[in-house]
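Engineer: I am attaching a structure below and will ask some questions about it afterwards.
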Amino acid sequence: GRCATVTARVGLDDETGDRGSVAFEVWANGTRAASTGTVTHADPARAVSADVSGADVVRLVVTDAGDGKDYDHADWADLRVTCA
219 GRCATVTARV GLDDETGDRG SVAFEVWANG TRAASTGTVT HADPARAVSA DVSGADVVRL
279 VVTDAGDGKD YDHADWADLR VTCA
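Structural data, given as structure tokens:
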């Protein structure tokens with residue numbers, strides 16, 4: 219638990235064309251610490267930041283945003299974990 223934050227820029231990969239939708243989530247010790255909501259190819263890259271202070275386990279999760287997994291090629295970019 220010495221790390222405090224997770225930051226990244228997230229979005230759908232360009233190879234998906236105009237298809238696909240996902241949601242990005244950061245989980246800390248089994249609790250969702252951040253969520254982007256639905257991201258589509260029409261959306262520019264989004265910044266995501268999560269407070270993970272005191273967490274022993276951090277998970278980066280991508281879901282299909284409820285419409286199936288076809289064309290859901292998700293990208294995490296510039297991922298940073300800030301620790302003491």
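Read left to right, the sequence shown gives residues 219 to 302 (my numbering). Backbone N, C-alpha and C fix where the C-beta goes; we use that ideal spot for every residue, glycine too. Please read all numbers here as calculations on a predicted model, not as lab measurements.
#1: For residue 274, does the three-state DSSP call read helix, strand or coil?
#2: Three-state secondary structure (DSSP) at residue 269?
#3: Could you check which residue in 269, 230, 246 has the C-alpha nearest to that of residue 255?
#4: Given a cut-off of 8 Å, decide if residue 225 and residue 280 are closer than it, judged by their beta-carbon atoms.
#5: Buried or exposed: where does residue 240 fall if 16 or more other Cβ atoms within 10 Å of its Cβ makes it buried?
Structural biologist: This is what the structure gives:
#1: coil
#2: strand
#3: 230
#4: no
#5: buried
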